[in-house]
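Okay, so the sequence shown: first residue is 511 according to the working numbering, each after it adds one.
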Amino acid sequence: MDEVRGKTASGRARGLICLLTLVCFALSTFFSGPSLAAPSLSGGDLLGAGTAPSRAVPDDGRYDVALGFFEFLFKRRTPKKQKEAPKAPASTAPKAPAAPVIKTVAKDPDAAVIAVFGDEFSQDIAWGLKDAFSKAPDVKVEIYSQPNSGIIYRAKNNPLGDAEAFFAAHPFNFAVVMVGLNDRREIPARKDAEGNEVASALEFRTDEWARAYQREIDRIRLAFAKQDKPVFWVGLPPVGSEDLAADMRYLNDLVSSRLTERDEDFIDVWDAFSDEDGNFSFRGPDLNGQDVRLRLKNAIRFTQEGRRKLAFYVEKLVIRVLSQSVDEDVLPKNLASADESALREGLGARRDIYALRKPPLESDELINPSVFSLSFSAEGGGDDPLNNADNAPKYRVDDFVWKGRN
Numbered sequence: 511m512d513e514v515r516g517k518t519a520s521g522r523a524r525g526l527i528c529l530l531t532l533v534c535f536a537l538s539t540f541f542s543g544p545s546l547a548a549p550s551l552s553g554g555d556l557l558g559a560g561t562a563p564s565r566a567v568p569d570d571g572r573y574d575v576a577l578g579f580f581e582f583l584f585k586r587r588t589p590k591k592q593k594e595a596p597k598a599p600a601s602t603a604p605k606a607p608a609a610p611v612i613k614t615v616a617k618d619p620d621a622a623v624i625a626v627f628g629d630e631f632s633q634d635i636a637w638g639l640k641d642a643f644s645k646a647p648d649v650k651v652e653i654y655s656q657p658n659s660g661i662i663y664r665a666k667n668n669p670l671g672d673a674e675a676f677f678a679a680h681p682f683n684f685a686v687v688m689v690g691l692n693d694r695r696e697i698p699a700r701k702d703a704e705g706n707e708v709a710s711a712l713e714f715r716t717d718e719w720a721r722a723y724q725r726e727i728d729r730i731r732l733a734f735a736k737q738d739k740p741v742f743w744v745g746l747p748p749v750g751s752e753d754l755a756a757d758m759r760y761l762n763d764l765v766s767s768r769l770t771e772r773d774e775d776f777i778d779v780w781d782a783f784s785d786e787d788g789n790f791s792f793r794g795p796d797l798n799g800q801d802v803r804l805r806l807k808n809a810i811r812f813t814q815e816g817r818r819k820l821a822f823y824v825e826k827l828v829i830r831v832l833s834q835s836v837d838e839d840v841l842p843k844n845l846a847s848a849d850e851s852a853l854r855e856g857l858g859a860r861r862d863i864y865a866l867r868k869p870p871l872e873s874d875e876l877i878n879p880s881v882f883s884l885s886f887s888a889e890g891g892g893d894d895p896l897n898n899a900d901n902a903p904k905y906r907v908d909d910f911v912w913k914g915r916n
């Protein structure tokens, strides 16, 4: 039995040697040609560890074909280099929710304009304000928010980049600013026109960075001051990430200290969207006091109810300013002091009190005086002026037509 096995193995070895000889002969013939110098390919060369032939090989692709055949025959594969896909630049901006569809009434040509500036957060408050004033023809909201941008990190076409020029070209009655989410980064080095560095880069949260950031805040403040219009700077809210939330608090402190020391409005909304310990919370009371979800899954952006609540802190200030234009003469003389205060603060609707800035009709248009020029004949003849009061709208108090008369 051992002898038979030995003869079989010997036969297989001789067969393999013959096959290699034939392959070498075929390759030699394949590479031969009148104008090409064929390489000397021995079995040792073919079975080598992937070393290239020492002589020049034809560059018409025949060597690659032969090598591919050899690899297929002996089940060898040359590792291929994998092309690495380009990595997308890292971004801290959350995925933008779809813009809501908000139906609004037709706005008056002279409607007061609320202009909103900032980043992703300002988008949320702008949508909330648009919802809040959707049925007010005398107030409209213009959204100039620029996602993935900020005061330092200025994306293309960011209105806050050249604020003074933008404000002059886009007039408004009120301005709302909510920004900072994308400013948590190094302030890049400044270079002159020749490319020489004139100011080194500043690391986030250093004292030098804070001073530079406050200078940028002052630049925007002065641009608003030239417009001489109310500006409401809204603070950043808590977020789900503890590190990010700490950065939000840090930026709030920088902005609020800069504004409050100059008696300017800074609206702090942190507590409105946090739990009892001041930490982030997905849920909370809405404007009606109902416990609802206020934040999206990413723990950064707001739901519809959250946007509406966020906008309320600006909405009430806008209404208060607009209510100051109510004439003293149109206020009822017997109005209770609490009702009058509510009306002046823009909260009259909650007490079912409304003041019209412009009466719908002039007083002499309510009743046609000719209706009362009555001339009845003793015989009852002539036209009855009570039946001719056709100028009065039906069911109005001066509609004196007696429908029951024959």
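All C-beta atoms in this analysis are idealised placements derived from N, C-alpha and C, irrespective of residue type, glycine included. Keep in mind that this is a model prediction, so the values were computed, not measured.
#### Entry: Reduced DSSP category for D763 - H, G, I as helix; E, B as strand; rest coil
When secondary structure is reduced to three states using DSSP, D763 falls in the helix class.
### Query
In chain order, what residues of the same chain lie with their CB nearer than 6 Å to the CB of A609, ignoring the 5 residues before and after it?
The answer is none, since no qualifying residue turns up.
### Task
Please confirm if the stretch 688-696 is in contact with the stretch 752-763, defined as three or more CB-CB distances below 8 Å between the two stretches.
In this structure the stretch 688-696 lies against the stretch 752-763, because at least three pairs of beta carbons, one per stretch, are closer than 8 Å.
### Helix, strand or coil at I697 [DSSP, three-state]
Looking at I697 - three-state DSSP - the assignment turns out to be strand.
### Query
Starting from V642 and walking both ways along the alpha helix (DSSP H), at which residues does that stretch end?
It is worth fixing the name first, because residue 642 is Ala in this sequence and not Val. Run containing A642: 630-642, per the alpha helix (DSSP H) assignment.
### Task
Mind reading off the beta-carbon distance from F684 to P740? Whole number of angstroms is fine, and I expect it under 8 Å.
At roughly 5 Å, the Cβ-Cβ gap stays under 8 Å, so F684 and P740 are in contact.
### Task
Helix, strand or coil for E674, going by three-state DSSP, please let me know.
In the three-state reduction of the DSSP assignment, E674 falls in the helix class.
### Query
By DSSP, does I527 sit in helix, in strand, or in coil?
I527: helix per DSSP, three-state reduction.
### Query
In its own chain, which residues sit with a C-beta less than 6 Å from the C-beta of P698, not counting the 5 before and 5 after it?
Residues of the same chain with a CB within less than 6 Å of the CB of P698, apart from the 5 flanking positions on each side, are A711 in chain order.
### Query
Would you report the Cα separation of E786 and A606, rounded to the nearest angstrom?
One C-alpha to the other measures close to 29 Å.
### Message
Assuming contact is defined by CB atoms lying nearer than 9 Å, are G628 and V686 in contact in what I supplied?
### Response
In this structure, V686 lies closer than 9 Å to G628 by Cβ.
#### Entry: Other residues of its chain near S644: CB distance less than 8 Å, five sequence neighbours each side excluded
Result list for S644: I612, K613, T614, V615, in chain order.
### Message
For the stretch 778-795 against the stretch 825-833, do three or more pairs of beta-carbon atoms, one drawn from each stretch, fall closer than 8 Å, so that the two count as touching?
### Response
No: the two stretches stay apart, fewer than three of their Cβ pairs being nearer than 8 Å.
### Query
Under a Cβ-count criterion, where at least 16 other Cβ atoms within 10 Å of its own Cβ denotes burial, should V708 be classed as buried or exposed?
When all chains shown are included, V708 counts as exposed.
### Task
Pull up the distance between the alpha-carbon of L639 and that of V779, whole angstroms please.
Roughly 15 Å between the two C-alpha positions.
### Message
Using 9 Å as the threshold, is the C-beta distance between F783 and A642 below it?
### Response
Result no, Cβ atoms of F783 and A642 do not sit closer than 9 Å.
### Query
Per DSSP, what kind of secondary structure is L556 in: helix, strand or coil?
Low confidence applies to L556: its pLDDT is 40, below 50, so where it sits in the model is not reliable enough to give any reading.
### Query
G794 by DSSP, collapsed to three states: which one?
Residue state, collapsed to three classes: strand.
### Task
Please report the residue range of the alpha helix (DSSP H) in which W780 lies.
Taken as a continuous stretch (DSSP letters only), W780 belongs to no alpha helix (DSSP H), as it is neither H nor E.
### Task
Check the DSSP bridge columns for E652 and list the partner residues they point to.
A625.
### Query
Straight-line CA distance for R817 to V626?
As the crow flies, the alpha-carbon of R817 is around 14 Å from that of V626.
### Task
Might you give, ordered along the chain, the residues of its own chain that have their beta carbon closer than 8 Å to the beta carbon of R729, omitting 5 neighbours on each side?
These residues qualify, in order along the chain: A673.
### Query
Can you tell me whether DSSP reads E707 as helix, strand or coil?
DSSP, reduced to helix, strand and coil, places E707 within a strand of the structure shown.
### Query
Are the stretch 712-728 and the stretch 647-656 touching by the rule of at least three beta carbon pairs closer than 8 Å?
No contact exists between the stretch 712-728 and the stretch 647-656.
### Message
Spatial neighbours of K617 within its chain, please: C-beta separation below 7 Å, excluding the five flanking residues on both sides.
### Response
Excluding sequence neighbours, K617 sits near P647, K650.
### Task
Report the option in R725, A735, Q800 whose CA atom is closest to the CA atom of R768.
Nearest Cα to R768 within the set R725, A735, Q800: R725.
### Query
Which word fits E704, buried or exposed, when buried means at least 16 other C-beta atoms lie within 10 angstroms of its C-beta?
In this structure E704 is exposed. Its beta-carbon is surrounded by fewer than 16 other beta-carbon atoms within 10 angstroms.
### Task
Check whether the Cβ atoms of F921 and D775 sit closer than 9 Å, and answer yes or no.
Not covered by the structure: residue 921. The range shown for the chain is 511 to 916.
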